[in-house]
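Participant:
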Amino acid sequence: MKNATSGAKDGKGGGSPSRLIDARIEELGDWRGETLARVRALIKQADPAVVEEWKWRGVPVWEHAGIICTGETYKAVVKLTFAKGASLNDPSGLFNSSLEGNTRRAIDVRELKSLIRAAVALNASKRNAKACKALILNT
Numbered sequence: 729m730k731n732a733t734s735g736a737k738d739g740k741g742g743g744s745p746s747r748l749i750d751a752r753i754e755e756l757g758d759w760r761g762e763t764l765a766r767v768r769a770l771i772k773q774a775d776p777a778v779v780e781e782w783k784w785r786g787v788p789v790w791e792h793a794g795i796i797c798t799g800e801t802y803k804a805v806v807k808l809t810f811a812k813g814a815s816l817n818d819p820s821g822l823f824n825s826s827l828e829g830n831t832r833r834a835i836d837v838r839e840l841k842s843l844i845r846a847a848v849a850l851n852a853s854k855r856n857a858k859a860c861k862a863l864i865l866n867t
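Residues 729 to 867 in this note's numbering are what the sequence shown spells out, letter by letter.
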């Protein structure tokens, strides 16, 4: 049965799918939870009538006249799998996973904070190396 206020159907064993997705985000408690929450907000913004589901032993699913995408969480990625992604036009090249299939396509979202921090550290180390070299040459 659809819940008119949340756009969700009642889930089996543990509450509505929306509540189960909330719990998963909280349970993760790291960048994966933050990423899943942001992606979820984007999906709801793009389609306010989207229906949230909880399927296949705990996978968030967003539907509207069929499955739009799923939101799986793994150790190194949050994967958005679009059920009919192979049929979608992707001029920006957002799909970066499951490209070999005939039906689905996915986007693997990786933790960006650590990558950005590593880039900053690399930049800082190169800058420090240049400063040290200049100091040595000027003495």
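Ideal placement from N, C-alpha and C gives every residue a C-beta, glycine not left out.
Might you give, ordered along the chain, the residues of its own chain that have their beta carbon closer than 8 angstroms to the beta carbon of A765, omitting 5 neighbours on each side?
Facilitator: Taking the first residue of the sequence shown as position 1, residue 765 is located at position 37. The residues are I753.
Participant: What do you reckon, are the CB atoms on R832 and G813 nearer than 8 angstroms?
Facilitator: Counting from one through the sequence shown, the residue named residue 832 turns up at place 104. Counting from one through the sequence shown, the residue named residue 813 turns up at place 85. Yes, the Cβ-Cβ distance between R832 and G813 is below 8 angstroms.
Participant: Give me, in chain order, the residues of the same chain whose beta-carbon lies closer than 6 angstroms to that of T763; leave out the 5 immediate sequence neighbours on both sides.
Facilitator: Taking the sequence shown and counting its residues from 1, the one referred to as residue 763 is at position 35. Excluding positions up to five away in sequence, the list reads V806, V837.
Participant: Report yes if the CB atom of T809 is closer than 8 angstroms to the CB atom of S826, and no otherwise.
Facilitator: The sequence position of residue 809 within the sequence shown is 81, counting from 1. The sequence position of residue 826 within the sequence shown is 98, counting from 1. Yes. Within cutoff.
Participant: Taking the C-alpha atoms as reference points, what is the distance between S853 and K841?
Facilitator: Residue mapping note: residue 853 aligns to position 125 of the sequence shown, counting from 1. Residue mapping note: residue 841 aligns to position 113 of the sequence shown, counting from 1. Distance between the alpha carbons of S853 and K841 is about 18 angstroms.
Participant: Using the DSSP secondary-structure output, state which residues sit across from E781 in a beta bridge.
Facilitator: Numbered from its first residue, the sequence shown carries residue 781 at position 53. The partner list for E781 (beta bridge, DSSP) reads V789.
Participant: Under 8 angstroms Cβ to Cβ from V767, same chain only, skipping five residues before and after it: list those, please.
Facilitator: Position 39 of the sequence shown holds residue 767. Cβ within range, chain order: G799, V806, L808, V837.
Participant: Under 8 angstroms between the Cβ atoms of I835 and L822?
Facilitator: Here residue 835 refers to the residue found at position 107 of the sequence shown. Here residue 822 refers to the residue found at position 94 of the sequence shown. Contact: yes.
Participant: Hey, could you find the ends of the alpha helix (DSSP H) G761 is sitting in?
Facilitator: Numbered from 1 along the sequence shown, position 33 holds the residue referred to as residue 761. Where G761 is concerned, the enclosing alpha helix (DSSP H) stretches over 759-774.
Participant: Any idea which residues DSSP pairs K807 with across the strands?
Facilitator: In the sequence shown, residue 807 corresponds to position 79, counting from 1. Its beta-bridge partners are E800, D836.
Participant: Kindly indicate which residue of K772, A774, A811 has the alpha-carbon position closest to the one of N830.
Facilitator: Walking along the sequence shown from the start, residue 830 turns up at place 102. Residue A811 is the option with its Cα nearest to N830.
Participant: Does the beta-carbon of M729 have 16 or more other beta-carbons within 10 angstroms, so that it is buried, or is it exposed?
Facilitator: Position 1 of the sequence shown holds residue 729. In this prediction, M729 scores a pLDDT of 34, lower than 50, which makes its location untrustworthy; the coordinate-derived value is nonetheless stated afterwards. When all chains shown are included, M729 counts as exposed.
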